[in-house]
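In this note's numbering, the protein residues as written are 494 to 645.
Think of the CB as a built atom: it goes at the ideal place given N, C-alpha and C, for glycine as much as any other residue.
These notes are about the structure you will find just below.
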């Protein structure tokens with residue numbers, strides 16, 4: 494396992510990846526000259542290509558899907574999703590869990606709500622947030638499972 498030094502602390506690959514942003518990761522990929530294998534001949538499967546062209550969703554749908562995945566591109570939102578995937582939580586509890594202000598959490602919840610990933614219910618003076626439906630939990634769990642494959 495490769496190790497790097499950061500502020501006098503030795504980090505393993507996972508720790509380094511956690512500290513890096515996407516641009517840094519892409520730069521590392523280019524640095525390591527990771528190649529993509531391609532065919533030795535140029536012969537296309539026209540039947541397959543046409544079938545996929547006929548079945549691909551409209552650009553508007555794919556754009557919406559792209560926007561949905563962008564919402565998952567923020568670690569604070571990921572932590573909020575994790576926190577409320579099994580429990581209802583109010584903003585003040587989420588803020589305490591993450592060590593952030595209620596205002597910062599409210600901003601992230603608005604983004605999640607706009608993407609229909611979370612819902613809320615009011616009980617007296619308290620508002621509880623939870624995942625909007627089981628699809629959201631499945632997206633999160635599948636993503637987490639995929640990422641965990643890299644480490645275990």
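> Relative to the C-alpha of residue 560, which residue among 619, 610, 624, 532 is closest?
Replying inline: Numbered from its first residue, the chain shown carries residue 560 at position 67. Looking at the Cα atoms, 610 is the closest of the given residues.
>> With a threshold of 6 Å on Cβ separation, who are the neighbours of residue 501 within its own chain once the five nearest residues in sequence on each side are excluded?
In response: As a first step, residue 501 is located in the chain shown; it is residue number 8 there, counting from the start. Bear in mind that a pLDDT of 49 at residue 501, under 50, signals an unreliable position, so the number given afterwards is only what the model happens to contain. Taken in chain order, the list of residues that qualify is empty.
> So, residue 541 versus residue 573, is the Cβ gap smaller than 8 Å?
Replying inline: Counting from one through the chain shown, the residue named residue 541 turns up at place 48. Counting from one through the chain shown, the residue named residue 573 turns up at place 80. It is not a contact, given that the beta carbons lie outside the stated cut-off.
>> Excluding the 5 residues flanking residue 604 on each side, which residues of the same chain have their C-beta closer than 7 Å to its C-beta?
In response: Here the question's residue 604 lines up with position 111 in the chain shown. Within the same chain, residue 604 has close Cβ partners 564, 570.
> Hey, would you say residue 577 sits closer than 8 Å to residue 622, going by beta carbons?
Replying inline: Here residue 577 refers to the residue found at position 84 when the chain shown is read from its first residue. Here residue 622 refers to the residue found at position 129 when the chain shown is read from its first residue. Against a cut-off of 8 Å, the Cβ pair of residue 622 and residue 577 comes out as a contact.
>> Among 556, 579, 642, 638, whose alpha-carbon lies nearest the alpha-carbon of residue 626?
In response: Taking the chain shown and counting its residues from 1, one reaches residue 626 at position 133. Of the listed residues, the one whose Cα sits closest to residue 626 is 579.
> Leaving out the 5 sequence neighbours to the left and right, which residues in its chain are closer than 6 Å to residue 590 when beta-carbon positions are compared?
Replying inline: Looking up residue 590 in the chain shown gives position 97. Excluding residues within five positions, the ones whose Cβ falls inside 6 Å are 576.
> residue 617 to residue 548, Cα distance in whole Å?
Replying inline: Here residue 617 refers to the residue found at position 124 of the chain shown. Here residue 548 refers to the residue found at position 55 of the chain shown. About 48 Å.
>> Among the candidates 584, 606, 619, whose CA atom is the shortest distance from the CA of residue 597?
In response: Taking the chain shown and counting its residues from 1, one reaches residue 597 at position 104. Considering only alpha carbons, the answer is 584.
> When you compare only the Cα positions, how much space is there between residue 592 and residue 581?
Replying inline: Along the chain shown, read from residue 1 onward, the residue named residue 592 stands at position 99. Along the chain shown, read from residue 1 onward, the residue named residue 581 stands at position 88. Rounded to the nearest angstrom, the two C-alpha atoms are 18 Å apart.
> Counting only runs that start and end within the region 546 to 600, where is the alpha helix (DSSP H) found for 4 or more residues in a row?
Replying inline: 552 to 564, 568 to 577, 584 to 591
>> Check for me: the beta strand (DSSP E) holding residue 612 runs from which residue to which?
In response: Stepping through the chain shown from its first residue, residue 612 is reached at position 119. 611 to 616 is the extent of the beta strand (DSSP E) around residue 612.
> To the nearest angstrom, how far is it from the Cα of residue 530 to the Cα of residue 536?
Replying inline: Numbered from its first residue, the chain shown carries residue 530 at position 37. Numbered from its first residue, the chain shown carries residue 536 at position 43. C-alpha separation (whole angstroms): 15 Å.
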